[in-house]
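Below is one structure, written out as structure tokens; comments come after it.
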Amino acid sequence: MTPLEHAWVLPLLPLAVFVFVLATGRRLPELVAPVLGIVATGTVFLASLGMLAATAAGSVADISVPWFSAGSVTVEIGIRVDPLAAVMVAVVSFVSTLVQLYSIGYLHGEERFRWFYGAISLFTAAMLGVVLANGWLLMYMCWELMGLASYLLIGFWYEKGDAPAAAMKAFIVTRIGDVGFALALVLIWLNTGTFTFEPVFAAVEHGSWAGPTLAAAALLLFAGAMGKSAQFPLHVWLPDAMAGPTPGSALIHAATMVAAGVYLVARSFPLFEASPSTLMVVGVVGTITAVMGALIALAQNDIKKVLAYSTISQLGYMFLALGTGNWVAAIFHLMTHAFFKALLFLGAGSVIHATKTQDLHELGGLWRKMPATTVTWCLGALSLAGIPPLAGFWSKDEILLSALHTDQYGFLLAGVVTAALTAFYMARTTFLAFFVKPGAHSQSAHAHEAPWVMTVPLVVLAALAVLVGLVGSPVTGYAFGSFLGEHAKAHAEVLLPAIAVGVALAGIALAWSSYLKHVPEPDRYFRARFVSGVLARSFLIDELYENVIVRPLMATSALLRRIDHAVIDGVVRAFGVIGLFVGGVLARFDRAGIDGAVDGMATSVSSGGEQVRRIQNGNVQTYLLLLVASIVVLVVVFAR
Amino acid sequence: MIGLNHYLVLAALLFCIGLFGVLTSRSALRVVVCVELLLNAVNLNLAAFSVYVAPKEAVGASFVIFLMVIAAAEVGLALALVLTLNRTTDIEAIDRISALRG
Amino acid sequence: MSADTVMFYLYAAVAVAGALGLVLARQLVHAVLCLFATLFAIAALYLLLGKEFLAAMQLFVYGGAITVLVLFVLMLARPDPIAQAVRSGPTRWISLALCATFFGYLAFILSSSSWQTADAHAHDTASLATILFSRYVLPFEVAGLVLTIALIGSIVLAREEPPDSEEPEEGAA
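Sequence lines, in order, name chains L, B and X. Be aware that the first sequence starts at 0, since it is given in numbering that gives the first Met the number 0, and climbs by one per residue. Be aware that the second sequence starts at 0, since it is given in numbering that gives the first Met the number 0, and climbs by one per residue. Be aware that the third sequence starts at 0, since it is given in numbering that gives the first Met the number 0, and climbs by one per residue.
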């Protein structure tokens with residue numbers, strides 16, 4: 000056994016922490032839970048450095064053990080350690096370690112402090128399982144576990160407000176996608192007789208599995224990815240998921256879990272490559288999501304909601320990259336995004352921790368009070384905006400170039416537009432939260448810098464948000480791409496990066512002039528009154544921006560948001576409503592029958608309604624009766 | 000000569016009677032007891048298969064032992080539930096319990 | 000008709016009669032006693048199959064332990080007569096129809112299928128012991144664990160609430 004083949008131990012470390020925290024409960028001294036969690040994920044991170052080194056040297060481990068066999072069928076599960084898995088393990092364990100460190104400060108004094116570490120450990124274990132799995136089956140199981148951990152963290156403050164509903168929504172919406180994943184498992188099994196990646200990819204490569212079932216399997220896998228990665232139209236859960244504790248959001252709903260969908264598609268890429276139309280679907284969904292997320296983020300006044308829609312938008316960017324066939328660019332952006340978005344979320348957490356508010360209009364002027372948070376936040380925001388030489392620039396550039404090289408100008412245009420919008424909303428958020436003069440409702444007055452356990456992760460992440468992009472830049476000879484096994488492509492372009500940076504700078508400038516140069520009244524940009532009078536002349540540029548660009552954008556953004564809420568939530572809700580309606584009709588039948596009992600006809604309707612209603616009467620025996628009836632029918636129909 | 004099918008049909012009959020009992024009893028206790036009957040029917044099946052189909056090894060018989068263990072565990076828990084139900088509610092007949100009502 | 004055949008039909012009749020008594024008896028005590036008859040008949044059938052050990056276990060576990068336990072609970076719980084009765088009305092007839100169909104179909108399938116039977120050769124208890132403690136030793140241990148957990152579980156469930164229960168004992172938050 001090579002050392003790499005022992006990697007199966009890694010997910011078990013955080014899992015052991017989870018079990019331990021669960022079992023000991025309140026008896027555990029308060030600080031033991033974070034120490035255990037950090038030690039476990041820290042160990043995984045150190046191991047992942049070894050994995051990176053080993054896989055860079057070219058060794059790959061792929062081992063399977065039989066899980067169970069039934070008759071002639073043997074189902075195997077196992078792990079695969081290759082450069083892609085090593086990168087993901089490193090990112091996940093690193094962000095998880097920092098988030099846990101940060102949470103010591105953020106959740107200090109929280110009643111379920113230990114439980115948070117249990118849930119984070121469970122999540123980390125599941126995510127490591129997903130990235131280390133060498134087949135879709137184990138991946139699916141860990142994928143669902145991840146969903147459970149996500150549910151637990153969104154509902155962490157289950158006694159408050161919307162948290163239980165948000166947790167439920169996240170669970171159900173992602174489950175819609177997961178049905179696709181499960182069906183994809185069935186298709187893969189039926190067509191290849193295995194769940195392991197390598198034989199399936201070989202079958203696809205040799206053409207022994209091709210045609211519509213392959214495309215269907217790829218699309219169904221993508222449906223799973225859409226649910227987990229909050230892609231249009233299954234993105235509705237992610238903004239609500241912000242009801243959870245901010246560090247949890249940083250880890251799960253920004254940096255890692257939501258990126259698992261991207262990983263799934265990247266990992267299954269041979270399946271997608273074999274049918275270009277599926278790639279097109281992936282790209283189009285990603286594009287829609289990227290632009291839509293960015294537009295909606297413009298109009299958000301909740302600092303976490305901005306970041307949530309920004310995450311949706313950036314995940315769309317990654318799928319756009321996958322759609323152009325460049326999975327390396329997607330994984331590269333996934334990695335840089337994991338660092339700068341975790342940084343931004345933790346920065347937002349620091350702000351929320353200090354001011355107890357998430358509303359941008361109740362913030363402002365924080366840069367005096369919280370210098371460390373401000374500086375690190377700005378680095379993260381610039382990185383997200385794609386300003387060179389920060390990480391986000393390199394990965395975004397890679398995606399745009401790949402759209403250019405494959406002549407997919409629609410994707411390219413959408414990418415550039417999104418880059419501009421991203422720069423604008425990040426600048427707006429930054430200015431409103433940190434730089435404008437605090438308004439009347441501001442809570443910033445008593446803000447103070449966070450304790451060191453919270454600032455250290457910020458600084459570390461900020462350093463990475465600045466530097467990590469270099470691994471995929473010309474400086475290191477595109478080391479990231481060749482590490483993942485793709486040959487470096489010609490990167491002779493200068494014009495496109497220049498345009499991308501230009502639009503990003505323009506976005507920042509626009510935000511600067513709209514929000515910082517002239518301090519806006521709260522929610523002025525939603526009523527956008529045309530200010531009359533001579534003094535207003537000097538605002539002409541602003542008014543122009545406002546009326547020509549900002550306002551239509553805001554309107555579109557508000558409209559999209561409304562569509563978001565009305566249509567997409569509506570569709571989800573419609574199923575419930577249909578159920579209610581049917582129930583209502585049946586109930587009305589019932590009532591009508593009882594009211595008109597004199598009528599012989601009505602009596603029969605009544606008893607009919609009563610019979611139908613009895614199906615849902617809560618009586619276990621009736622359920623059992625239906626079960627037995629179904630079994631009898633099945634036996635009679637299907638038995639010889 | 001008594002063959003395998005005799006045992007199987009007898010087990011099927013006992014199973015169906017037990018199933019009828021589970022479906023129609025109003026008393027939780029009777030349901031528990033009827034479940035025991037179901038398990039016994041299955042046991043009879045296993046024992047008969049063990050003797051007639053795979054006589055080389057006592058695999059079927061060992062499964063009977065396992066089922067008996069499960070049955071003992073199940074009946075212990077179920078009776079504890081019956082007692083608790085009896086103590087905490089004044090509901091006697093299980094067709095009156097509708098906490099699962101949708 | 001050989002002696003075995005006569006015995007089989009005799010035991011089978013007792014088993015079925017007991018089972019019918021179990022589901023039809025008005026009083027629960029009678030039902031439990033009928034169950035005992037069925038269990039006894041099944042033990043006899045095990046003997047007929049040459050499974051002495053199973054027969055003994057059947058008598059110990061079911062006849063001895065479970066029946067007595069059920070009778071104890073019956074005495075403790077004292078269900079009222081209404082609850083003891085079986086359900087009436089359409090449910091009863093639907094259930095009857097379902098179960099009859101199910102049995103009819105099973106009997107049809109069973110009688111029309113042929114099994115690859117080896118010579119009916121009963122292995123002795125030693126071979127059962129061998130397989131339990133060699134190939135199935137792990138499930139055997141797990142079964143023991145299941146039984147222990149069930150024991151603890153039923154004690155927890157059936158225990159009277161302690162009068163001073165103000166201290167909420169939460170294992171895990």
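Positions of the beta carbon are idealized from the N, C-alpha and C atoms, including for glycine.
A check of alpha carbon separations from V59 (chain L) across L:A85, L:G70 and L:L270 identifies L:A85 as the nearest.
Counting C-beta atoms within 10 angstroms of its own C-beta, G206 (chain L) has fewer than 16 neighbours from the protein chains shown and is therefore classed as exposed. Residue burial annotation: A565 (chain L) is exposed, with fewer than 16 other C-beta atoms found within 10 angstroms of its C-beta. Excluding its 5 nearest sequence neighbours in each direction, R174 (chain L) has C-beta neighbours in its own chain below 8 angstroms: G146 and G226, listed in chain order. With a beta-carbon spacing of about 14 angstroms, L182 (chain L) and L213 (chain L) fall beyond the 8 angstroms limit used to define contacts.
Listed along chain L, the residues sitting closer than 9 angstroms to I93 (chain X) by beta-carbon distance are L624 and A628. Comparing alpha carbon positions, the residue from L:R111, L:A46 and L:W7 closest to I78 (chain L) is L:W7.
Residue-level contact check: Y104 (chain X) touches chain L, since one or more beta carbons of chain L fall below 8 angstroms from its beta carbon. Straight-line measurement puts the Cα of A628 (chain L) at about 32 angstroms from the Cα of A142 (chain X).
Below the 9 angstroms Cβ cutoff, chain B contributes A11, F14, C15 and L18 as neighbours of F101 (chain X), in chain order. Three or more beta-carbon pairs separated by less than 8 angstroms are not found between the segment 316-335 of chain L and the segment 451-460 of chain L, which leaves the two stretches without contact.
Residue nearest to V30 (chain B) within the set X:A18, X:G88, X:R134 and X:F102 is X:A18 (criterion: CA-CA distance). Runs of the beta strand (DSSP E) lying entirely within the segment 410-469 of chain L and spanning at least 3 residues: none are present. Residues of chain L whose Cβ lies closer than 8 angstroms to the Cβ of L97 (chain X) are, in chain order, L624, V627, A628 and V631.
Below the 7 angstroms Cβ cutoff, chain B contributes F65 as neighbours of P138 (chain X), in chain order. Taking each of L:P496, L:A497, L:S481 and L:A573 in turn and checking the Cα distance to A56 (chain L), the smallest one comes out for L:S481. For A69 (chain L), the three-state secondary structure derived from DSSP is strand. By the criterion of a C-beta distance shorter than 8 angstroms, L559 (chain L) is surrounded in its chain by M291, L294 and I295, once the five residues flanking it on both sides are discounted. Comparing alpha-carbon positions, the option among X:A40, X:T90 and X:Y104 lying closest to R25 (chain B) turns out to be X:T90.
DSSP places V85 (chain X) within a strand segment (E or B) once states are collapsed to three. Neighbours of L22 (chain B) in chain L, taken as residues whose beta carbon is under 8 angstroms from its own, are Q620, L623, L624 and V627 in chain order.
For V74 (chain L), the three-state secondary structure derived from DSSP is strand.
Around V635 (chain L), the beta-carbon contacts reaching into chain X at under 8 angstroms are T100 and Y104. Excluding five sequence positions before and after W366 (chain L), the CB atoms of its chain that fall closer than 8 angstroms to its own CB belong to T373, F433 and F434, given in chain order.
In the pairwise beta carbon analysis, the segment 136-154 of chain L is classified as touching the segment 251-261 of chain L: at least three pairs are separated by under 8 angstroms. Pairing G63 (chain X) with A128 (chain X), the inter-Cα distance amounts to about 22 angstroms. Per DSSP, the continuous alpha helix (DSSP H) segment holding I507 (chain L) begins and ends at L494 to A510. A check of alpha carbon separations from G223 (chain L) across L:Q313, L:N325, L:A258 and L:S92 identifies L:A258 as the nearest.
With contacts defined as CB atoms closer than 8 angstroms, L82 (chain B) and L68 (chain X) fail to qualify as a contacting pair. Contact with chain X is found for T83 (chain B), since one of that chain's Cβ atoms lies less than 8 angstroms from the residue's Cβ.
Per DSSP, the continuous alpha helix (DSSP H) segment holding F62 (chain B) begins and ends at V58 to T87. In the three-state scheme derived from DSSP, where H, G and I count as helix and E and B as strand, S92 (chain L) is classed as helix. Annotation for V284 (chain L): M225, Q230, F231 and F318 place their beta carbon closer than 7 angstroms to its own, counting only its chain and skipping 5 residues before and after.
Closest option to S228 (chain L), judged by alpha-carbon separation, among L:A216, L:A209 and L:V261: L:V261. Residues of chain B whose Cβ lies closer than 9 angstroms to the Cβ of M56 (chain X) are, in chain order, V63, I64 and M67.
By the Cβ rule, the segment 452-466 of chain L does not count as touching the segment 37-55 of chain L, because fewer than three pairs are nearer than 8 angstroms.
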